[in-house]
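*Asks:* So the sequence shown is residues 5 to 208, counted in the numbering used here. Even glycine gets a Cβ: it sits at the ideal position worked out from N, Cα and C. Okay, here's the structure, questions in a sec.
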Amino acid sequence: MVENDGIRVCPIPGYGLGVIAERAFKRGDCVLRERPLIHFGKPQSSAADAPRQAFDMAELTAIIKGLSDEDRSQLTALHDRDQKPGQAKTYIGIINTNSFGCTCGSINDGACVCIIASRINHSCFPNLTRYWSHSEEVMCFMATYPIQPGDQLFVSYCDSNATQAVRQKTLTRYGFQCQCRLCSLTGHALLAHDAAAVTFEVGP
Ligand SMILES: [Zn+2]
Ligand SMILES: [Zn+2]
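See below:
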């Protein structure tokens with residue numbers, strides 16, 4: 005199930021594929037609600053303090069085996085950040101690259117891969133925030149800023165409140181150099197933002 009009226013996956017110069025708004029969204033509007041193609045690592049019990057399951061290859065193998073051919077080809081079309089030149093993608097690489105954590109309040113509900121949401125590129129200053137609806141088993145994306153038709157949609161793959169150095173270290177795992185507004189800061193503006201980030205990390 006996908007509710008994505010008004011957005012479109014398409015090639016974007018400098019990004020490969022990305023997702024574009026085809027209409028305006030107000031701050032707080034739901035932009036995308038998507039049921040995951042795969043959802044794994046759910047805790048055995050729904051208690052808030054249930055231990056998070058380790059990455060379970062047997063579970064993943066069973067889930068991938070159970071997919072329809074069409075769903076499996078959608079999964080294998082996604083990016084694998086660990087793919088080496090001349091080698092095939094791996095499911096584990098695809099899942100590491102594209103999974104979102106499914107945290108709903110205090111409920112840790114494992115992680116998932118969504119086909120459309122996987123195409124949303126990263127910004128440290130994103131125009132979308134996301135949450136997992138445990139009751140509906142749906143990943144929801146909402147506008148954090150007004151979005152105009154033609155704007156690219158972004159989520160953050162890292163902690164946007166961290167310093168530039170910490171963010172860029174996290175993002176090297178994805179194999180790109182972020183060029184968002186925050187990563188483009190220099191001089192006094194960068195010092196000011198990083199100082200606020202450090203304060204945030206350390207706390208009052
Ligand atoms: Zn950035
Ligand atoms: Zn759930």
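Output needed for Arg-185: all residues of its chain with C-beta closer than 7 angstroms, excluding positions within five of it in sequence on either side, in chain order.
*Replies:* Phe-129
*Asks:* Based on the DSSP output, what are the partners of Val-35 in its beta bridges?
*Replies:* Answer is none; Val-35 lacks a bridge partner.
*Asks:* Assign Ala-147 to one of three DSSP states: helix, strand, or coil.
*Replies:* Reduced to three states, the DSSP call for Ala-147 is strand.
*Asks:* Please determine, among Arg-37, Ile-119, Ser-137, Ile-124, the residue with the shortest C-alpha to C-alpha distance to Ser-110.
*Replies:* Ser-137
*Asks:* Enumerate in chain order the residues of its own chain whose CB-to-CB distance from Ser-2 is below 7 angstroms, with the five nearest sequence positions on each side excluded.
*Replies:* Since the first residue shown for the chain is 5 and the last is 208, residue 2 is missing from the structure and cannot be characterised.
*Asks:* With distances taken between CB atoms, is the gap from Ile-42 to Ile-11 smaller than 7 angstroms?
*Replies:* In this structure, Ile-42 sits away from Ile-11, with a CB-CB distance that is not shorter than 7 angstroms.
*Asks:* Do Gly-114 and Phe-44 have their beta-carbon atoms positioned less than 7 angstroms apart in this structure?
*Replies:* yes
*Asks:* To the nearest whole angstrom, what separates the beta carbons of Lys-30 and Pro-150, a pair I think is in contact under 8 angstroms?
*Replies:* 6 angstroms
*Asks:* With H, G and I counted as helix, E and B as strand and the rest as coil, what does DSSP make of Leu-186?
*Replies:* coil
*Asks:* Does the distance from the C-beta atom of Asp-84 to that of Gly-97 stay below 7 angstroms?
*Replies:* yes
*Asks:* Could you check which residue in Pro-40, Thr-94, Met-61 has the C-alpha nearest to that of Asp-75?
*Replies:* Pro-40
*Asks:* How far does the beta strand (DSSP E) with Ala-115 in it reach, from first residue to last?
*Replies:* 111-117
*Asks:* Would you tell me roughly how many angstroms separate the C-alpha atoms of Tyr-135 and Met-146, rounded to the nearest one?
*Replies:* Distance between Tyr-135 and Met-146, taken at the CA atoms: about 8 angstroms.
*Asks:* Taking Cβ positions, are Val-159 and Ile-124 nearer each other than 7 angstroms?
*Replies:* yes
*Asks:* Answer with buried or exposed for Lys-173, where buried requires no fewer than 16 other C-beta atoms within 10 angstroms of its C-beta.
*Replies:* That one is exposed.
*Asks:* Thinking C-alpha only, which one of Thr-167, Gly-90, Thr-107 is nearest Val-142?
*Replies:* Thr-107
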